[in-house]
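Working notes, structure below.
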């Protein structure tokens, strides 16, 4: 209903914006009959309490808004636990600012006697709930670790889609893998990681994961809470950094994503710059190299990674993207090999057909000779059958 921007040399410790601005804001709240004021900045517990009292309406800050959005988007058990953990850690230091009712004396069953205040009781309950959630999340992470180790036992490299929220990652994920995950023009529509298999032009198979979108000034508590989700990013061999090239804030958003990647220890992973939403650009601005240089220069980064311009919605540039992914995975180069399988070893022959490109097959008595182009990791796995 109204938007206010304030410039001041330093934040006011009591109210963030100062008493004069609080009076101005109070008049606006009364005039508009607003029931919510959102600050695009993190408020301290004291500032939240003082603003609540002064404005006579609900006051939330940037972190709480993001947490509320996360709570609406979480679908899986893991996502719900992560959101609840972040919410409780955010709420704990702010209990004291919730009014005089938190100071009343307890004295019922479950308290430590009539001398324990309601505030102390609530804190104790929150601590217990946090410990329980952390225990449950540890179980989830160990299960995810087992799943990841099983995936890693099969020689498939992992690729992660990263990027600013609403850059089109889920739409691109669906275009590449036909997965049918939810793709919505909303912030944080994807909270839970989805992993699907992707076949490259060389017939090499990789695992592609869709991850949560990043945002500027991502609260530290959220980075910690979503550690299990972000592990898909840190464990990947290649990042597809999806950028909404039609946005006037593309360079700024790119810089924020690179900053978060550095915070979670994934800055050194090779990445391709995927300039998405080409269908929204004029034809004379569709040169990927020019766009890459402009975006990275404006982001203040020196980046030698290659760029490809695509439209996840229309399919434009997807073939070029797949070829670039093939070229950008040098850790598992494609080689030609001649295999000889005993007829009884059908599972190994099936594995070769699954993960390589077979060009010729010959049957001789009790063996099968196969010529194929395979990733080096597959060749090593089937080394006992290699004859050339």
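Residue numbers (my numbering): 38 to 425. A virtual CB, placed ideally from N, CA and C, is assigned to each residue, including glycine.
Do residue 299 and residue 354 have their C-beta atoms closer together than 8 angstroms? Along the chain shown, read from residue 1 onward, the residue named residue 299 stands at position 262. Along the chain shown, read from residue 1 onward, the residue named residue 354 stands at position 317. Result no, Cβ atoms of residue 299 and residue 354 do not sit closer than 8 angstroms.
Note down, one range per segment and in chain order, each beta strand (DSSP E) of at least 3 residues found wholly within the stretch 369 to 424. 371 to 379, 394 to 401 and 404 to 412
Close Cβ partners of residue 101 (< 8 angstroms) along its chain, the five nearest in sequence each way excluded: Position 64 of the chain shown holds residue 101. Closer than 8 angstroms at the Cβ level, and outside the excluded window around residue 101, lie 127.
Rounded C-beta distance between residue 282 and residue 312? I'm assuming under 8 angstroms. The residue you call residue 282 lines up with position 245 of the chain shown. The residue you call residue 312 lines up with position 275 of the chain shown. That pair is a contact at about 4 angstroms.
Just grab the DSSP bridge partners of residue 236 for me. As a first step, residue 236 is located in the chain shown; it is residue number 199 there, counting from the start. Bridge partners of residue 236: 242.
Excluding the five sequence neighbours on either side, which residues of its own chain have a C-beta within less than 6 angstroms of the C-beta of residue 241, listed in chain order? For the purposes of this step, residue 241 is taken as residue 204 along the chain shown, with counting starting at 1. These residues qualify, in order along the chain: 412.
Boundaries of the alpha helix (DSSP H) in which residue 57 is found, first to last residue: Taking the chain shown and counting its residues from 1, one reaches residue 57 at position 20. Run containing residue 57: 56 to 69, per the alpha helix (DSSP H) assignment.
Assigned secondary structure, residue 158 (DSSP; H/G/I helix, E/B strand, else coil): Residue mapping note: residue 158 aligns to position 121 of the chain shown, counting from 1. Here residue 158 sits in helix by DSSP.
Let me know the secondary structure DSSP gives residue 49 once reduced to three states. Numbered from 1 along the chain shown, position 12 holds the residue referred to as residue 49. Strand, per DSSP.
Quickly, what does DSSP pair residue 276 with across the bridge? List them, please. Residue mapping note: residue 276 aligns to position 239 of the chain shown, counting from 1. Paired residue(s): 197 and 308.
Of the residues 160, 270 and 236, the one placed nearest residue 199, counting alpha carbons only: Position 162 of the chain shown holds residue 199. It is 270 whose Cα lies nearest to the Cα of residue 199.
Alpha carbon of residue 273 to alpha carbon of residue 195, nearest angstrom: Taking the first residue of the chain shown as 1, we reach residue 273 at position 236. Taking the first residue of the chain shown as 1, we reach residue 195 at position 158. Each residue's alpha carbon lies about 5 angstroms from the other.
Comparing C-alpha positions only, which one of 380, 211 and 250 sits nearest to residue 234? Residue mapping note: residue 234 aligns to position 197 of the chain shown, counting from 1. Checking every option, the nearest Cα to that of residue 234 belongs to 211.
If the criterion is Cβ atoms closer than 8 angstroms, does the pair residue 294 and residue 325 meet it? Walking along the chain shown from the start, residue 294 turns up at place 257. Walking along the chain shown from the start, residue 325 turns up at place 288. For residue 294 and residue 325, no; Cβs fall outside 8 angstroms.
Beta-bridge pairing of residue 73 - partner residues as DSSP gives them: Within the chain shown, the letter at position 36 stands for residue 73. Paired residues: 95.
Short of 7 angstroms in beta carbon distance, which residues of its chain neighbour residue 38, apart from the five on each side in sequence? Order them along the chain. If you number the chain shown from 1, residue 38 lands on position 1. So the list reads 69 and 71, once near-sequence residues are dropped.
Can you find at least 3 beta carbon pairs, one from the stretch 70 to 86 and one from the stretch 48 to 61, that sit closer than 8 angstroms? As far as the Cβ criterion goes, the stretch 70 to 86 touches the stretch 48 to 61, which means the pair count is three or higher.
Quick check: residue 201 and residue 290, are their CB atoms within less than 8 angstroms of each other? The sequence position of residue 201 within the chain shown is 164, counting from 1. The sequence position of residue 290 within the chain shown is 253, counting from 1. Cβ atoms of residue 201 and residue 290: closer than 8 angstroms.
Run the CB neighbour count on residue 246, radius 10 Å, all protein chains shown included, and call it buried at 16 or more, exposed below. Walking along the chain shown from the start, residue 246 turns up at place 209. Looking at its Cβ environment, which holds 16 or more other Cβ atoms inside 10 Å, residue 246 is buried.
Using C-beta distances below 8 angstroms, list every residue in its chain close to residue 160, excluding the 5 sequence neighbours before and after it, in chain order. Here the question's residue 160 lines up with position 123 in the chain shown. Taken in chain order, the residues that qualify are 129 and 132.
Hey, how far is the Cα of residue 174 from the Cα of residue 405? Taking the chain shown and counting its residues from 1, one reaches residue 174 at position 137. Taking the chain shown and counting its residues from 1, one reaches residue 405 at position 368. In this structure, the CA atom of residue 174 is about 48 angstroms from the CA atom of residue 405.
How about residue 166 and residue 209: are their beta carbons less than 8 angstroms apart? By 1-based counting over the chain shown, the position of residue 166 is 129. By 1-based counting over the chain shown, the position of residue 209 is 172. Cβ atoms of residue 166 and residue 209: not closer than 8 angstroms.
Can you list, in chain order, the residues of its chain with a C-beta nearer than 7 angstroms to that of residue 399? Leave out the 5 residues immediately preceding and following it. The residue given as residue 399 occupies position 362 in the chain shown. Within the same chain, residue 399 has close Cβ partners 406.
Pull up the distance between the alpha-carbon of residue 79 and that of residue 99, whole angstroms please. On the chain shown, position 42 is the one that residue 79 refers to. On the chain shown, position 62 is the one that residue 99 refers to. Approximately 6 angstroms between the Cα atoms of the pair.
Own chain partners of residue 408 with C-beta closer than 6 angstroms, once the 5 adjacent residues on each side are dropped: Along the chain shown, one-based indexing puts residue 408 at 371. Excluding residues within five positions, the ones whose Cβ falls inside 6 angstroms are 375, 396 and 397.
Give the range of the beta strand (DSSP E) segment to which residue 345 is assigned. Counting from one through the chain shown, the residue named residue 345 turns up at place 308. Residues 344 to 346.
Under the rule that 16 or more other beta-carbon atoms within 10 Å means buried, what is residue 75, buried or exposed? The residue labelled residue 75 in the question sits at position 38 within the chain shown. Of the other Cβ atoms in all chains shown, fewer than 16 fall within 10 Å of the Cβ of residue 75; this residue is therefore exposed.
Short of 7 angstroms in beta carbon distance, which residues of its chain neighbour residue 385, apart from the five on each side in sequence? Order them along the chain. As a working note, residue 385 is residue 348 in the chain shown. So the list reads 378, 419 and 422, once near-sequence residues are dropped.
Under 8 angstroms by Cβ, that's how I've got residue 275 and residue 371 pegged, so tell me the actual separation to the nearest angstrom. In the chain shown, residue 275 corresponds to position 238, counting from 1. In the chain shown, residue 371 corresponds to position 334, counting from 1. Contact doesn't hold; Cβ gap of about 16 angstroms is too wide.
Please list the segments of the alpha helix (DSSP H) lying wholly inside the stretch 95 to 127, counting only runs of 4 or more residues, in order along the chain. Assignment of alpha helix (DSSP H) within the stretch 95 to 127, counting only whole runs of 4 or more residues, yields 99 to 110 in chain order.
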